[in-house]
Each structure stands twice: as structure tokens, then as C-alpha cells.
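With this note's numbering, letter number 14 in the sequence shown gets -2, and the count goes up by one each step, no holes. C-beta: ideal position from N, C-alpha, C; glycine also. Fair warning: this is a prediction, and the values are worked out from it, not measured in the lab. Encoded as C-alpha cells, the structure appears first; notes follow it.
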Amino acid sequence: MEKFNFRLSPEVLTPFRASGQGWQSRIDDALRDWLKKNSVHLKN
-15 MEKFNFRLSP EVLTPFRASG QGWQSRIDDA LRDWLKKNSV HLKN
């Protein structure tokens, strides 16, 4: 994994943070799901 900074709206970030430990991984999972649903190919 690569570490970097980016901005998210409070409406997006707050529920992920409130979900507890591992919230960053859940954002990663949500973004991966979006890429798959929108036919964007992932590099492994």
C-alpha cells in the first residue's frame, strides 16, 4: 500500500471514522468496489 494525503468531505469521512478501527481499510475497500463497478482496471 502507498501512503498519501487527500481530502474527503465530513459527510464521507465521519461515518467511516465512527465505524472504529480499520476505517482507512474500509475506505480502500469502498474505492476498490467503485473501480470494479465502473470498469476501471486495477493494477495488482
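{"Check": "Report the residue from N22, L19, Q8 whose alpha carbon sits nearest the alpha carbon of E(-14).", "Outcome": "Q8"}
{"Check": "In chain order, what residues of the same chain lie with their CB nearer than 8 Å to the CB of R1, ignoring the 5 residues before and after it?", "Outcome": "W7"}
{"Check": "In angstroms, rounded to a whole number, what distance separates the CA positions of S3 and N(-11)?", "Outcome": "20 Å"}
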